[in-house]
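A.B. asks:
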Amino acid sequence: MIRQTLLAASVLVSAGANAYIFEATYDYSQANFDSTFTIKDKNIADLLNSRGIVIDEPKVDIATHSVDAQVYFSDIDISKGAWNDAAFINRASSLRGGYTGQKIESDDDDVDATEIDGFYIGGRGVAGGFIYDGEYKSQKSDDNNQRTIGFGFGGYITKNHSLVGSFEDIRGDELDFFLVGLTYQGYLPLGNSGHALGFMGQIKTGNGEQHSDFQDFSRTNLNAKVSYYPMPQLAVGAEVGSEATVLSASGRAKKSESTISQFGVFADYYVVENFRIGADVGLDKRETETDLVTIELESVYYGVNLRARF
């Protein structure tokens, strides 16, 4: 009887060692931008130069840290494939919440630092191959409050590939707009080698209005990520992202356009089944163009992350 009890206990421990139901992740990233200002009107540029007026080109530092926590409705089995994609492979339902904080500082003494705090709560339900997403976000800074309500619906189109459509309504002190989107996620085992590939692609687009001067507002986001898993506990890969924003007065030509372009590489490694470390590095370019001036920012960014599972 004692022997049978010990055997049953060992089986339960073995099964539990390959599963988790709670996951928490901490991320930190840092970018230090150099800026360039270009006067587009040659007459104005020549006048400034003739009077010895130099436009300051400050350095801008952006530090971001976030905490994300997820609770799953059932155990997530990591033995089915890559550990990073375990929840997706298991078609898991979950609740999640988190915090994101960002501090933007300039070496220009006349410019105060800006701090942005964001909180979110949401979840994903998976039933019969269908996917249901929902999320609420609240973001506050010194001069702007903003909230986002988002919904998503889609499903697994094959065993390890999914498509989800989404809608987000964003309301704030400065802007009101909406985004519609489509997200693809996939996981591809490479034969019986134990190697695999992970894919993610996303597009979002929408428009709205800026309150301060009643300008039309439009935005488009594109993101893509590829992961290679030489072994289940290790992921290496690359990701790209872009964002284009246009502000224009109603019935008139385009007034200003801003773009963000990012490219990075990353690596994640599970030291043990319950603990992951990760790092990423990349290039971040930002540009704002108006009728009078072009402002360019460029930085190499880096980030680190830690994840725990229980």
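The sequence shown maps to residues -19 to -1, 1 to 291 in mature numbering (1 follows the signal peptide of the UniProt record, and there is no 0).
We put the CB at the ideal spot given by N, CA and C, even for glycine.
All of these numbers come straight from a predicted model, not from anything done at the bench.
Count the other CB atoms within 10 Å of the CB of residue 141; is the residue buried (16 or more) or exposed (fewer)?
C.D. replies: Position 160 of the sequence shown, counting from 1, holds the residue named residue 141. Buried.
A.B. asks: Ordered along the chain, which non-local residues of its own chain (more than five positions away) have a Cβ less than 7 Å from that of residue 111?
C.D. replies: If you number the sequence shown from 1, residue 111 lands on position 130. Excluding residues within five positions, the ones whose Cβ falls inside 7 Å are 136.
A.B. asks: Report the three-state DSSP secondary structure of residue 29 (helix, strand or coil).
C.D. replies: In the sequence shown, counting from the first residue as 1, residue 29 sits at position 48. Note: residue 29 maps to helix in three-state DSSP.
A.B. asks: What residue from 70, 25 and 2 has the CA that sits closest to residue 213's CA?
C.D. replies: Numbered from 1 along the sequence shown, position 232 holds the residue referred to as residue 213. Minimum Cα distance to residue 213 is reached at 70.
A.B. asks: Quick one: grab the DSSP three-state call for residue 13.
C.D. replies: Here residue 13 corresponds to residue number 32 of the sequence shown, with the count starting at 1. Note: residue 13 maps to strand in three-state DSSP.
A.B. asks: Round the Cβ separation of residue 107 and residue 72 to the nearest angstrom and send it over; I've been treating them as touching at under 8 Å.
C.D. replies: Locating residue 107 in the sequence shown gives position 126, counting from the first residue. Locating residue 72 in the sequence shown gives position 91, counting from the first residue. With a Cβ gap of about 5 Å, residue 107 and residue 72 count as contacting.
A.B. asks: Would you report the Cα separation of residue 84 and residue 123, rounded to the nearest angstrom?
C.D. replies: As a first step, residue 84 is located in the sequence shown; it is residue number 103 there, counting from the start. As a first step, residue 123 is located in the sequence shown; it is residue number 142 there, counting from the start. Straight-line Cα distance between these residues: approximately 11 Å.
A.B. asks: How long is the line joining the alpha carbons of residue 223 and residue 42, rounded to whole angstroms?
C.D. replies: The sequence position of residue 223 within the sequence shown is 242, counting from 1. The sequence position of residue 42 within the sequence shown is 61, counting from 1. Rounded to whole angstroms, residue 223 to residue 42 spans 20 Å at the Cα level.
A.B. asks: Report the CB separation of residue 191 from residue 180 in whole angstroms; it is logged as a contact under 8 Å.
C.D. replies: To locate residue 191, count along the sequence shown from 1; it is residue 210. To locate residue 180, count along the sequence shown from 1; it is residue 199. At roughly 35 Å, the Cβ-Cβ gap does not stay under 8 Å, so residue 191 and residue 180 are not in contact.
A.B. asks: At what residue ranges does the segment 61 to 147 contain a whole run of the alpha helix (DSSP H), taking only runs of 4 or more?
C.D. replies: Correct list: 67 to 70.
A.B. asks: Taking only three categories from DSSP, how would you classify residue 185?
C.D. replies: Walking along the sequence shown from the start, residue 185 turns up at place 204. Strand, per DSSP.
A.B. asks: To the nearest angstrom, report how far apart residue -9 and residue 282 are at their CA atoms.
C.D. replies: Here the question's residue -9 lines up with position 11 in the sequence shown. Here the question's residue 282 lines up with position 301 in the sequence shown. In this prediction, residue -9 scores a pLDDT of 38, lower than 50, which makes its location untrustworthy; no coordinate-derived value is stated.
A.B. asks: In this structure, does DSSP put residue -2 in helix, strand or coil?
C.D. replies: Residue mapping note: residue -2 aligns to position 18 of the sequence shown, counting from 1. In this structure, residue -2 counts as coil in the three-state DSSP scheme.
A.B. asks: Given this structure, state the Cα-to-Cα distance separating residue 276 from residue 227, to the nearest angstrom.
C.D. replies: Start at 1 with the first residue of the sequence shown, and residue 276 comes out as number 295. Start at 1 with the first residue of the sequence shown, and residue 227 comes out as number 246. Straight-line Cα distance between these residues: approximately 15 Å.
A.B. asks: Compare the Cα-Cα distances from residue 131 to each of 165, 188, 139 and 115 and report the closest residue.
C.D. replies: Along the sequence shown, one-based indexing puts residue 131 at 150. The residue with the shortest Cα to Cα distance from residue 131 is 115.
A.B. asks: According to DSSP, residue 263 sits in a beta bridge with which residue or residues?
C.D. replies: Sequence index remark: in the sequence shown, residue 263 carries index 282 (1-based). Residue 263 is bridged to 245 and 282.
A.B. asks: I'd like to know whether the C-beta of residue 267 is nearer than 7 Å to at least one C-beta of chain C.
C.D. replies: This model lacks chain C altogether; it includes just one protein chain.
A.B. asks: Residue 159 bridges to which residues according to DSSP?
C.D. replies: The count along the sequence shown starts at 1 and reaches residue 159 at position 178. Answer is 150, bridged to residue 159.
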